[in-house]
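Remarks on the structure that follows.
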Amino acid sequence: MFNRIKALVWLRNQTIIANKNLLVQVLMPYGLLVLYKNFMNLGEDKGLDLMFLCLSTAIAMSVGSTVSTIIAEEKEKKNLKTLLLSGVRPYEYLISVLIHPAIITILNMVLFPIIAGADLSRIYLEYGLVVMLTAMAVILINLCIAAISSTQSKAQMNGLPIMLIVAMGPNLSQMNPDIANFIKYTFLGAYTELFTKTEFSLTSHSFQVLVAWMIGLFILTSLSFKFHKHSKPRNTLLKERTVKTECV
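The UniProt record's numbering numbers the first residue of the sequence shown as 1 and each following residue consecutively.
Take a look at the structure:
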């Protein structure tokens, strides 16, 4: 198991190195953070306001969109089907997929407060759990998108609405009550309340909703990859039908 995961991680490293667009997706949120910090006139707690504005964008672009792009590329090159048929178990593949986004998420969680100058001394635990679980939910959604997308372009098109919702949803919820009600019942509700409410706890309704989303998305992702493993390519099905017809 460990050797297979190690080999998958190496394969993923080569994909990331070869695809320079992924590097842009990872670094762009930091550029936005620096831009907002120098040119926007925010409130007294400027650091937290900057975090609220930019961290969701980092989760959407450098974590979520990166996953669907990598998986779709492997599907397009027939690598994913080969791996699953060669004995790689779906959970081993999922673990290897989660390693890089998890590392990027941890780096974002550490570097964003430093760059923004945010004081998280009162919410360290809540901040860590909410941001990590929110990022994991976005990763799982993008895994499902990648599972139903046959090419990189389709994955990017299918994932675009999710990326926009994750990047802009929390900010728009502060401007429109209807959007706020919608966000409240999604995996972004806890993230929004963490930065906008003075009192937030891990026993709040929004955090429970986030945990429920995580469980549901994990089950959905596992099923989607199991289905992909056991499904036959269209060309194979056509050949089987042709052979049966000739036999008759």
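Cβ atoms here follow ideal geometry from the backbone N, Cα and C, with glycine treated the same way. Quick caveat: nothing in here was measured; it's all calculated off a predicted structure.
| query | result |
| --- | --- |
| Beta strand (DSSP E) runs wholly inside the stretch 147 to 235, at least 3 long, in chain order | none |
| Pick from L194, F2, L188, G47 that is closest to V166, judged by C-alpha positions | L188 |
| Cβ neighbour criterion (16 or more within 10 Å) applied to W10 | exposed |
| Assigned secondary structure, L8 (DSSP; H/G/I helix, E/B strand, else coil) | helix |
| 7 Å Cβ shell around L48 - same chain, five flanking residues per side excluded | A118, F195 |
| A118 (DSSP reduced to helix, strand or coil) | coil |
| Residue environment, A60, which counts as buried when at least 16 other CB atoms sit within 10 Å | buried |
| Among I70, I5, R4, R122, nearest to I17 - alpha-carbon criterion | I70 |
| Best match in K184, K197, G216 for proximity to H205 [C-alpha to C-alpha] | K184 |
| Simplified DSSP assignment, three categories, for V88 | coil |
| Pair within 7 Å by beta-carbon distance, L217 and A137 | yes |
| Proximity winner among S149, R4, T66, E199, relative to V24 (alpha-carbon distances) | T66 |
| N19 versus E199: straight-line alpha-carbon distance, rounded | 42 Å |
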